[in-house]
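K.L.:
Handing you this structure, nothing more for now.
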Amino acid sequence: MASLYSWLIQFLGLVSLVVLLPLIRSGYGEEVYELWLFVTLIALVGVVFETSLISVVTRFLSYIDKSGKYVDVEGQLNHECYSYNSVFASLVIVYAVVSVVTFITVLFFSFIFGSVFFDKYYYEIIVYSLVSSVLVFSSVFKSSLLSRGMIVFQRRVQFLVNGSRLVVSVFLVYYAFAVVYLVFNYLLFSFIEFLVYYFFSRKCLSFDFYIEPVKDVLKNVYKNFVIKVSLFFSSYSSSLLFVNYAINDFAQFVLTLRVLMVVVSFSQVPLSVGLPDLYKKYIETESFNAYEVKRYFIVTFMLFLFGVFSFYYLGEIVLQFVSYSKEDYFVKDSGLFLLLVVFAFLELLRVTSSQVYEIKNKVLFHWNYVFSTIMILGSQIIVFELSHEGEQTLYLVVLAQVFWMSVWVYWVNPVYLVRDIGRH
1 MASLYSWLIQ FLGLVSLVVL LPLIRSGYGE EVYELWLFVT LIALVGVVFE TSLISVVTRF
61 LSYIDKSGKY VDVEGQLNHE CYSYNSVFAS LVIVYAVVSV VTFITVLFFS FIFGSVFFDK
121 YYYEIIVYSL VSSVLVFSSV FKSSLLSRGM IVFQRRVQFL VNGSRLVVSV FLVYYAFAVV
181 YLVFNYLLFS FIEFLVYYFF SRKCLSFDFY IEPVKDVLKN VYKNFVIKVS LFFSSYSSSL
241 LFVNYAINDF AQFVLTLRVL MVVVSFSQVP LSVGLPDLYK KYIETESFNA YEVKRYFIVT
301 FMLFLFGVFS FYYLGEIVLQ FVSYSKEDYF VKDSGLFLLL VVFAFLELLR VTSSQVYEIK
361 NKVLFHWNYV FSTIMILGSQ IIVFELSHEG EQTLYLVVLA QVFWMSVWVY WVNPVYLVRD
421 IGRH
């Protein structure tokens, strides 16, 4: 049931892009449309903070909830005795600080990568910064739900919130100004999401604060944080750089990349849901079932192919209902589209194999993440310096991404990884 709701949430994200983008472009005009693309992209900085913390914190709280003892994120019993409520309260304070840091960081990136938007749409960008901040803070209460076994409930709440946001979005685009759309849709729903998670976790709060549990979490989060930052820049850095260059196909390129990344997330659901069971078996038996791992890989890649097919063919049918064609919003050149599909496939291959690799070897941090990110960013900057606009630039940027992502995937080496798992 949890996997079903996870798929539905990813599907809602895909539908939101396909349905809302034509409406925003026709209702608010080209300039507001590109602003919306830009600040939505920048707001993903908040996702970096949230995803870096949530998996570690959820696992940390789960140990305490299930065993009644204080166990660190490495699974080692700690002699200090803390209650679930006191540890949770300590982490809430940390999240409050992180949410403020998120707000400042999103504003900083908005100014650096989109100064032309920052001058004209200062208040709108602040709204998106607040949204990122609130969502980061609410994720600690989300961790509380997940750690107490309320996974299906959390997915159901997220699905209802995202679905309601989509319905309200369509209504506001037709009947409201752009500022009203931003505030009432994004800011209001981020607070609603926060209040729902808070309501079902408030009984776990106390007035205690202990520094040791916080240290145990943070010393593991920094490893995960570097990975998430690397993923963010490698996946979206080209889009950020396009903002400051006169490239006509900026919007189409960003949209295509965004949709393909949603397809990647959609494809990862079976492996993400199945990994806890694989991890539990590995802890108990010190071995992975090679057949299960290969089955997860096969299902994941089949879903990816289905997602790309649906996006390319079924997306055109959906857009016709709002009197727009696919060519108005996504890259027109089939060669460039295929390159982006290759990049998305490499991203999927790297992420799925990395998840298994990290569990099998009990590690979270690889220097190749940092090195690959530097190479991707560096190659993109060189391309932009040599050619500031035109389709040639897009080809060169994507080729640079594909090359370095191939190196990245080779380091993780998923083919040999599955073979080695079978030997244990």
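In this text, residue positions in the sequence shown follow the working numbering: the first is 1, and each later residue adds one.
Every residue gets a Cβ at the ideal spot worked out from N, C-alpha and C, and that includes glycine.
When you compare each of G29, S129, E292, L160 to T102 by their alpha carbons, which one comes out closest?
P.N.:
For the residues G29, S129, E292, L160, the minimum Cα distance to T102 belongs to S129.
K.L.:
Cβ atoms of V136 and V183: under 8 Å apart, would you say?
P.N.:
no
K.L.:
CB F189 to CB V161, shorter than 8 Å?
P.N.:
yes
K.L.:
Terminal residues of the continuous alpha helix (DSSP H) containing F330?
P.N.:
It is not in any alpha helix (DSSP H) - F330 carries neither H nor E in the DSSP assignment.
K.L.:
Note down the Cα distance separating L61 from V221, rounded to an integer number of angstroms.
P.N.:
14 Å
K.L.:
Tell me whether the beta-carbon of F304 lies closer than 8 Å to the beta-carbon of V264.
P.N.:
In this structure, V264 lies closer than 8 Å to F304 by Cβ.
K.L.:
Output yes or no for whether 8 Å exceeds the beta carbon distance between S147 and D65.
P.N.:
yes
K.L.:
Could you pull the start and end residues of the alpha helix (DSSP H) that S206 belongs to?
P.N.:
Premise fails: S206 is in no alpha helix (DSSP H) and is neither H nor E.
K.L.:
When you compare only the Cα positions, how much space is there between V92 and G29?
P.N.:
41 Å
K.L.:
Going by CA-CA distance only, name the one from Y186, Y395, S267 that's closest to Q10.
P.N.:
Among Y186, Y395, S267, the Cα nearest to that of Q10 is on S267.
K.L.:
Quick check on this structure: which residue in S406, R155, L12, E124 has the alpha carbon closest to the alpha carbon of Y197?
P.N.:
R155
K.L.:
If you run the structure through DSSP and keep just helix, strand and coil, what is A96?
P.N.:
helix
K.L.:
Starting from Y174, trace the alpha helix (DSSP H) in both directions and tell me its first and last residue.
P.N.:
Per DSSP, Y174 belongs to the alpha helix (DSSP H) from 151 to 175.
K.L.:
Using the Cβ count rule (16 or more neighbours within 10 Å means buried), how would you classify S90?
P.N.:
buried
K.L.:
Label I54 either buried or exposed according to how many other C-beta atoms from any shown protein chain fall within 10 Å of its C-beta, with 16 as the threshold for buried.
P.N.:
Buried, by the Cβ-count rule.
K.L.:
Quick check: the Cα distance between V15 and Y210, rounded to an integer number of angstroms?
P.N.:
44 Å
K.L.:
How many Å lie between S115 and R258 at the Cα?
P.N.:
22 Å
K.L.:
Is DSSP giving L17 helix, strand or coil here?
P.N.:
helix
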